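**Q** What follows is a single structure, and I will ask about it in a moment.
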Ligand code: PEP
Ligand code: MN
């Protein structure tokens, strides 16, 4: 079980959620200071900027490097904000620690590599700096959890997750698909771990950031990690998704923060929840019945040398179900996905049963 401790620097100010904001990359001292001054004025307490940038393709701007650590120190001295940057190897960790960076983050590309995460964890051993871990770029929860385990084993206690979305070949609207169920499962697996959302990388487009930021709070995110640049059009990396300080202020002022449920809320929801539980239990019973029937059909197919998959039947039933779903106001793609999952399980059971029968 991973034990985490609170990162006080990420405590939310009254009436606000925890906010980390700043440009994608540290480009120059002037750009950093200009951005930091306007964010500090808006009450932001933690300033982000990438000193070393992992670029998908070579030849793009790779960050200003070590000199930018000095700029971040200046930001902290002038504005009083804490500063955070991304580290991807031992050298980065050593340089960032030496420069007195307050919080480190591990980027999405790095979290996918157990060797790299282990190297960072080893370099951090003996320190107690807070570390934020972005989700791996591919939708693989175990890699994300593995990174926390490696850091915990190196003695790091103050940790938080950053949910920045997952790479998907088909995603059209967002740059990275949110897959909200993954951070939900992460919270279940590591209770007490704060999850902060990065709607900037998720959206990939400045105009979509506010709505994702709100969705994240609706999904119980503990804070937001947002890219803000004094002049996004001139940004050397991720220019489409960075907000101006004014856009950031607007976004923050429109956020709806949620309160914890009171006794009266719980009492109101209790009978509804009881009915939900009853329906869910019924769904499980119906599923068990469904798989008993598949078992009998499977046995027949096996005895009579018929293939497990009967595509005509599969297509027909899939159409019947989505049609009925539509009549009942259910989402088409949800019904298809649900049926695909049930059908895949039916096939798996039939294969298993055949193996047993044919022994
Ligand atoms: C970033 O935060 O600028 C960054 C590179 O993020 P990610 O690792 O999520 O792509
Ligand atoms: Mn970025």
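Numbering (our numbering), first residue to last: 1 to 359.
Glycine included, C-beta positions come from ideal geometry on N, C-alpha and C.
These numbers were taken from a predicted model, which means no experiment stands behind them.
Considering only residues of the same chain and omitting the five flanking positions on each side of residue 20, which have a CB-CB separation below 6 Å?
**A** Within the same chain, residue 20 has close Cβ partners 46, 48 and 225.
**Q** If you draw a straight line from the alpha carbon of residue 54 to that of residue 77, how long is it in whole angstroms?
**A** When rounded, the distance between both Cα atoms is 27 Å.
**Q** With C-beta atoms as the reference, is residue 335 less than 8 Å away from residue 322?
**A** yes
**Q** Report the start-end ranges of each alpha helix (DSSP H) in the segment 54-131 that is 4 residues or longer and not cut off at the edges.
**A** The segment 54-131 contains these whole alpha helix (DSSP H) runs: 67-79, 90-98, 108-111 and 114-124.
**Q** Give every residue of the same chain whose Cβ lies closer than 8 Å to the Cβ of residue 360, excluding the five residues on either side of it in the sequence, and list them in chain order.
**A** One cannot answer for residue 360 here, as it falls past the ends of the chain, which runs 1 to 359.
**Q** Using DSSP's beta-bridge definition, name the partner residues of residue 32.
**A** Paired residue(s): none; residue 32 is not in a bridge.
**Q** Identify, in the order they occur along the chain, each residue of the same chain with its Cβ nearer than 6 Å to the Cβ of residue 82, setting aside the five sequence neighbours on each side.
**A** 9, 46 and 102
**Q** Is residue 57 close to the ligand PEP? I mean its beta-carbon at under 7 Å from any heavy atom of the ligand.
**A** Answer for residue 57: no, Cβ out of range of the ligand PEP.
**Q** Tell me the start and end of each unbroken beta strand (DSSP E) in the segment 138-207 that is at least 3 residues and wholly inside, in chain order.
**A** 159-163 and 195-197
**Q** By a C-beta neighbour count over all protein chains shown, 10 Å radius and 16 as the cutoff for buried, is residue 272 buried or exposed?
**A** Exposed.
**Q** Contact defined as beta carbons within less than 8 Å: I believe residue 196 pairs with residue 132. What is the distance between those atoms, to the nearest angstrom?
**A** With 8 Å as the limit, residue 196 and residue 132 qualify as a contact, their Cβ atoms being about 7 Å apart.
**Q** Taking the C-alpha atoms as reference points, what is the distance between residue 296 and residue 139?
**A** Cα to Cα, the separation comes out at about 36 Å.
**Q** For residue 443, write down the residues that DSSP places opposite it in a beta bridge.
**A** The chain is shown from 1 up to 359; residue 443 falls before or after that span and cannot be answered.
**Q** Looking at C-alpha atoms only, which residue of 326, 292, 310 and 150 is the closest neighbour of residue 112?
**A** 150
**Q** Measure from the alpha carbon of residue 66 to the alpha carbon of each residue in 75, 80 and 99, then state which is nearest.
**A** 99
**Q** Report all residues from its chain with a CB closer than 8 Å to the CB of residue 248; omit the five preceding and five following residues, and keep chain order.
**A** 21, 39, 42, 226 and 228
**Q** Helix, strand or coil: how does DSSP classify residue 220 here?
**A** coil
**Q** Using 7 Å as the cut-off, classify the Cβ of residue 319 as near or not near the heavy atoms of the ligand PEP, replying yes or no.
**A** no
**Q** Where does residue 8 fall in DSSP's three states?
**A** The answer is helix: DSSP assigns residue 8 an H, G or I state.
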